[in-house]
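Engineer: Dropping a structure here in C-alpha cells format, bear with me for questions.
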Amino acid sequence: MEKITGQVKIPSQKVLEIQKRVKHTSDFKKLIEEFLLEKTTELLGIILGGSILLNGSDIHIEAGEEKAKIRARIDGMLQDIIVFEKKIYKSLVSRIKLLSGLKLNITDKPQDGRFSILLEEEKQTEIEIRTSTLPSEYGESIVMRILNPKNLIEVEALGLRKDLFERFKREIRKPNGMIIVTGPTGSGKTTTLYAILKRIQKPEIKIITIEDPIEYHLKAISQTQVAPKKGYDFANGLRSLMRQDPDVILVGEIRDLETASIALQAALTGHLVLTTLHTNDAAGTIARLQAIGENPVNIAPAINVAIAQRLPRKVCRKCVEFEKISLPLLKKIKEELKTIPKDIEIPELLPGLKIPKAKGCEDCNFTGYKSRIGVYEAFLVDDEMERFILTSPSISALREFAIKKGMVTMRQDGLIKVLQGITTIEEIDRVVGEE
27 MEKITGQVKI PSQKVLEIQK RVKHTSDFKK LIEEFLLEKT TELLGIILGG SILLNGSDIH
87 IEAGEEKAKI RARIDGMLQD IIVFEKKIYK SLVSRIKLLS GLKLNITDKP QDGRFSILLE
147 EEKQTEIEIR TSTLPSEYGE SIVMRILNPK NLIEVEALGL RKDLFERFKR EIRKPNGMII
207 VTGPTGSGKT TTLYAILKRI QKPEIKIITI EDPIEYHLKA ISQTQVAPKK GYDFANGLRS
267 LMRQDPDVIL VGEIRDLETA SIALQAALTG HLVLTTLHTN DAAGTIARLQ AIGENPVNIA
327 PAINVAIAQR LPRKVCRKCV EFEKISLPLL KKIKEELKTI PKDIEIPELL PGLKIPKAKG
387 CEDCNFTGYK SRIGVYEAFL VDDEMERFIL TSPSISALRE FAIKKGMVTM RQDGLIKVLQ
447 GITTIEEIDR VVGEE
C-alpha cells in the first residue's frame, strides 16, 4: 500500500487546550483567530485538531476573490467557521499540499493525496486525512476528509430496529451469498460494512477487502486498495483475491459489469460477499445491477439481502423540547405507518402524543442536533422474492412486492425514530424526503 506522505503531530498539551476551549464552532473560530499570525504549521494543527474534536468529517478551505474561508462538515452539515486573508490561505494550501505529497506548482488540475495526524492523547491516535484539490475561479479548493478510527462502531450502535437487528445477525452468520448496502455518498454504507466485519471477524475465517480507498485499517483482516493507474482495478483485484482462499470478501463498490459478475459468482460459490452500490433505495438494487449488464438469473440466487440507508441527525439531548403533535401530522403518520408489520412496536398514535423539536444550545453548536443515526430499509431474497426478481420487475413493482412481504421503508423507519424521540420530522423530511 502507498506510504502516507506526511504527519502532523498534535502534542497532548495542545489536545487538552483545544478540548477545554472548543465546545462549539464559535469557540473554534476564536481559537483559529488567535493562531492566524502564527506559523502555518501551528495554524494547521489547530484547524485539524479542532475539527477532529468537534467530530467533523471534512474540512473545506475555499478561496474567494479577496478572502478565503474554512468550513467544516459536522453531523453531515457544512458549517462556516472563519473568513481570513488570502495571504494566509496561500501558505495553508502550500503546507497541506506538501504534507499530502502533491505537486506545489500544479494549480490548474485536480490532485489527490493524503497524510496523517498523530493526536498525542493518553492513548495515541493516528488519524488519516485524504486531501483533494480542485482548481476554482480564485484559487484551489481544498477538501480534507477526516478518517477517524474512533468512528468505527459496533453493529449494535448503527441504530437498527430490534427486528432488523435480529435479521442482520442471521444474515451475517450465513456462509455464502451477498449483502448489498446502498445509498448516496456519505450515507454511512462503509460504516455499516465495517461494523459487520468487526462483528464476524474471528481467527477461523479469512476476510479480505478490496477498497478504493481503504478508509479504516482493521486488525487481523487483509485489506487491499485498488490502483487503476497501475491496472489494478476492482475486477482484476477481485479475481486475484479469489485465489487467496477467503471466506468473507468486502468489495468497496460495484461499478461495472465485470466486478458485478465476479462478486455474484463468488457469492454463489461458497463466499459471503459484502458490497455497496449507488442507488436511491433497496428496490433499486436489482435494476441497477441489470442496468450495468448483469442477468437476473445470476442476481436472484446470489443476493441474501439488499439494504438502503440514510443518516439523519439525532436531536440534542441537552436542549430538545417535546411538543404535542398536530392532528394533521398525526393523521399523516398514521396513514404512512399503516403497512408496517404488526409485530413492530411503536408508541400509540393518540392525540396528545409528544414528538421532539430541535432548539439549539452550546452543546450542539446551536443546531438542535448532535451526532447521527441510521434509518434503514431492507428486503430478504427468499424463494418467493427470487422468483419475482427473475421476471425483471420495475423498481416500483419490486418495492411494492417487498412492502407486501413486510419491508419497512426508510421513511417509515425514520417516522418510528421520531415517535421514539430520537430525531425530528423535519430531519426525516430533509434526509429521506416527504411521501
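Heads up: take any position in the sequence shown, counting from 1, add 26, and you land on the numbering used here. Here a beta-carbon is modelled for each residue, glycine too, at the ideal position from N, C-alpha and C. Bear in mind the structure is a predicted one, so any value in this text is a computation, not a measurement.
Determine the burial state of Ile442: buried for a count of at least 16 other Cβ atoms within 10 Å of its Cβ, exposed for fewer.
Structural biologist: Start at 1 with the first residue of the sequence shown, and residue 442 comes out as number 416. Its Cβ being crowded by 16 or more others within 10 Å, Ile442 is buried.
Engineer: Tell me, which residues are paired with Ala404 by DSSP?
Structural biologist: As a working note, residue 404 is residue 378 in the sequence shown. Its beta-bridge partners are Ile333.
Engineer: List the whole-angstrom C-beta distance separating Ala221 from Ile179, where the pair is believed to meet the contact cut-off of C-beta under 8 Å.
Structural biologist: Counted from its first residue, the sequence shown places residue 221 at position 195. Counted from its first residue, the sequence shown places residue 179 at position 153. About 6 Å; that satisfies the 8 Å criterion.
Engineer: Would you call Gly386 buried or exposed, if buried means 16 or more other Cβ atoms sit within 10 Å of its Cβ?
Structural biologist: Walking along the sequence shown from the start, residue 386 turns up at place 360. Exposed is the call here.
Engineer: Use the C-beta contact count for Glu88: other C-beta atoms within 10 angstroms, 16 or more gives buried, fewer gives exposed.
Structural biologist: Indexing the sequence shown from 1 puts residue 88 at position 62. Answer is buried; the Cβ neighbour count reaches 16.
Engineer: Can you tell me which of Val41, Ser167, Glu64 and Thr159 puts its alpha carbon nearest to the alpha carbon of Ala94?
Structural biologist: Locating residue 94 in the sequence shown gives position 68, counting from the first residue. Closest by alpha carbon: Ser167.
Engineer: Nearest chain C C-beta to Leu441 closer than 9 Å, yes or no?
Structural biologist: The displayed structure is made up of one protein chain only, and chain C is not part of it.
Engineer: Here's the rule: buried if 16 or more other CB atoms are within 10 angstroms of the residue's CB, otherwise exposed. What is Glu154?
Structural biologist: Within the sequence shown, the letter at position 128 stands for residue 154. Result: buried.
Engineer: If we call anything under 9 Å between Cβ atoms a contact, is Val299 one with Val323?
Structural biologist: Taking the sequence shown and counting its residues from 1, the one referred to as residue 299 is at position 273. Taking the sequence shown and counting its residues from 1, the one referred to as residue 323 is at position 297. Not in contact: Val299 and Val323 (Cβ atoms no closer than 9 Å).
Engineer: How far does the beta strand (DSSP E) with Ser248 in it reach, from first residue to last?
Structural biologist: The residue labelled residue 248 in the question sits at position 222 within the sequence shown. Run containing Ser248: Ser248 to Gln251, per the beta strand (DSSP E) assignment.
Engineer: Between which two residues does the alpha helix (DSSP H) holding Thr449 run?
Structural biologist: Along the sequence shown, read from residue 1 onward, the residue named residue 449 stands at position 423. Premise fails: Thr449 is in no alpha helix (DSSP H) and is neither H nor E.
Engineer: Is the Cβ-Cβ distance between Ser422 and Ala309 less than 9 Å?
Structural biologist: Numbered from 1 along the sequence shown, position 396 holds the residue referred to as residue 422. Numbered from 1 along the sequence shown, position 283 holds the residue referred to as residue 309. Going by C-beta atoms, Ser422 is nearer than 9 Å to Ala309.
Engineer: Exposed or buried, Gln45, counting other C-beta atoms within 10 Å across all chains shown (16 or more means buried)?
Structural biologist: Indexing the sequence shown from 1 puts residue 45 at position 19. It is exposed - the Cβ of Gln45 has fewer than 16 other Cβ atoms within 10 Å.
Engineer: Report the rounded CA-to-CA distance for Thr67 versus Leu124, giving the unit in angstroms.
Structural biologist: Residue mapping note: residue 67 aligns to position 41 of the sequence shown, counting from 1. Residue mapping note: residue 124 aligns to position 98 of the sequence shown, counting from 1. Those two C-alpha atoms are separated by around 11 Å.
Engineer: Please report the Cβ distance between Met204 and Ala334, rounded to the nearest whole angstrom; I am assuming they are in contact, meaning their Cβ atoms lie under 8 Å.
Structural biologist: Here residue 204 corresponds to residue number 178 of the sequence shown, with the count starting at 1. Here residue 334 corresponds to residue number 308 of the sequence shown, with the count starting at 1. The Cβ separation is near 15 Å, so there is no contact.
Engineer: In three-state DSSP terms, what is Asp189?
Structural biologist: Reading the sequence shown from its first residue, position 163 is the one you call residue 189. It is helical.
Engineer: First and last residue of the beta strand (DSSP E) that includes Val274?
Structural biologist: Working through the sequence shown from its first residue, we reach residue 274 at position 248. Here the beta strand (DSSP E) through Val274 covers Val274 to Val277.
Engineer: When the distance is taken between beta carbons, is Thr305 closer than 9 Å to Ala313?
Structural biologist: Counting from one through the sequence shown, the residue named residue 313 turns up at place 287. Counting from one through the sequence shown, the residue named residue 305 turns up at place 279. A contact, by the Cβ cut-off of 9 Å.
Engineer: Identify every residue that forms a DSSP beta bridge with Pro465.
Structural biologist: No statement about residue 465 is possible, as the shown extent of the chain runs from 27 to 461 and does not include it.
Engineer: Quick one: which unbroken beta strand (DSSP E) runs of 3-plus residues sit fully inside the region 261-345? Chain order, please.
Structural biologist: The region 261-345 contains these whole beta strand (DSSP E) runs: 274-277, 298-303, 329-336 and 339-341.
Engineer: Taking only three categories from DSSP, how would you classify Gly76?
Structural biologist: As a position in the sequence shown, residue 76 is number 50, starting the count at 1. Gly76 falls in the helix class under three-state DSSP.
Engineer: In terms of residues, what are the limits of the beta strand (DSSP E) holding Leu87?
Structural biologist: Position 61 of the sequence shown, counted from the start, is the residue given in the question as residue 87. Looking at the sequence itself, residue 87 is Ile, so the reference to Leu does not match. Note, Ile87: beta strand (DSSP E), Gly82 to Ala89.
Engineer: So if DSSP puts Asp138 in a beta bridge, which residue, or which two residues, is it bridged to?
Structural biologist: Walking along the sequence shown from the start, residue 138 turns up at place 112. DSSP lists Ser158 as partners of Asp138.
Engineer: Closer than 7 Å by C-beta to Glu388: which residues in its own chain qualify, once you throw out the five before and the five after it? Chain order, please.
Structural biologist: Indexing the sequence shown from 1 puts residue 388 at position 362. Once the five neighbours on either side are set aside, the close Cβ partners of Glu388 are Lys49 and His50.
Engineer: Less than 9 Å separating the beta-carbons of Leu79 and Val41?
Structural biologist: Against the sequence shown, residue 79 aligns to sequence position 53. Against the sequence shown, residue 41 aligns to sequence position 15. It is a contact, given that the beta carbons lie within the stated cut-off.
Engineer: Leaving out five residues before and five after Asp138 in sequence, what residues of the same chain have Cβ atoms less than 6 Å from its Cβ?
Structural biologist: Start at 1 with the first residue of the sequence shown, and residue 138 comes out as number 112. If we look at Asp138 and ignore the five residues flanking it on each side, its Cβ neighbours are Ser158.
Engineer: Between Tyr402, Pro367 and Val458, which lies nearest to Thr218 when the distance is taken from Cα to Cα?
Structural biologist: Residue mapping note: residue 218 aligns to position 192 of the sequence shown, counting from 1. If we check each option's Cα against that of Thr218, Tyr402 comes out closest.
Engineer: What number of angstroms, rounded off, separates the C-alpha of Ser120 from the C-alpha of Glu163?
Structural biologist: As a working mapping, residue 120 is identified with position 94 in the sequence shown. As a working mapping, residue 163 is identified with position 137 in the sequence shown. Their Cα atoms are separated by approximately 18 Å.
Engineer: Of the residues Phe54, Ile96 and Leu69, which one's Cα is nearest the Cα of Gly76?
Structural biologist: In the sequence shown, the residue the question calls residue 76 occupies position 50. Nearest option by C-alpha distance: Phe54.
Engineer: Do Lys340 and Ile454 come within 9 Å of each other at the CB atom, strictly closer than that value?
Structural biologist: Locating residue 454 in the sequence shown gives position 428, counting from the first residue. Locating residue 340 in the sequence shown gives position 314, counting from the first residue. No; because the gap between Cβ atoms is not below 9 Å, this pair is not in contact.
Engineer: Distance check for Phe414 and Met170, CA to CA, integer angstroms please.
Structural biologist: What you label residue 170 is simply residue 144 of the sequence shown in a count that begins at 1. What you label residue 414 is simply residue 388 of the sequence shown in a count that begins at 1. Cα to Cα, Met170 sits roughly 44 Å from Phe414.
Engineer: Excluding the 5 residues preceding and the 5 following Gln270 in the sequence, name in chain order all residues of the same chain whose CB lies nearer than 8 Å to its CB.
Structural biologist: Translated into the one-based positions of the sequence shown, residue 270 becomes position 244. Cβ within range, chain order: Lys232, Ile234 and Ser248.
Engineer: Check this for me: beta carbons of Glu146 and Ile36, under 9 Å apart or not?
Structural biologist: Taking the first residue of the sequence shown as 1, we reach residue 146 at position 120. Taking the first residue of the sequence shown as 1, we reach residue 36 at position 10. For Glu146 and Ile36, yes; Cβs fall inside 9 Å.
Engineer: Starting from the C-beta of Phe194, find all residues in its chain whose C-beta is less than 7 Å away, skip the five residues before and the five after it, and write them out in chain order.
Structural biologist: Mapped onto the sequence shown, residue 194 falls at position 168. Only Val181 and Leu186 meet the Cβ criterion.
Engineer: Taking the alpha carbon of Gly319 as the reference point, which residue from Leu283, Phe141, Lys255 and Lys358 has its own alpha carbon closest?
Structural biologist: The residue you call residue 319 lines up with position 293 of the sequence shown. Comparing Cα-Cα distances from Gly319 to each of Leu283, Phe141, Lys255 and Lys358, the minimum goes to Leu283.
Engineer: Where does the unbroken alpha helix (DSSP H) through Phe392 begin, and where does it stop?
Structural biologist: As a working note, residue 392 is residue 366 in the sequence shown. Note, Phe392: premise wrong, no alpha helix (DSSP H); not H, not E.
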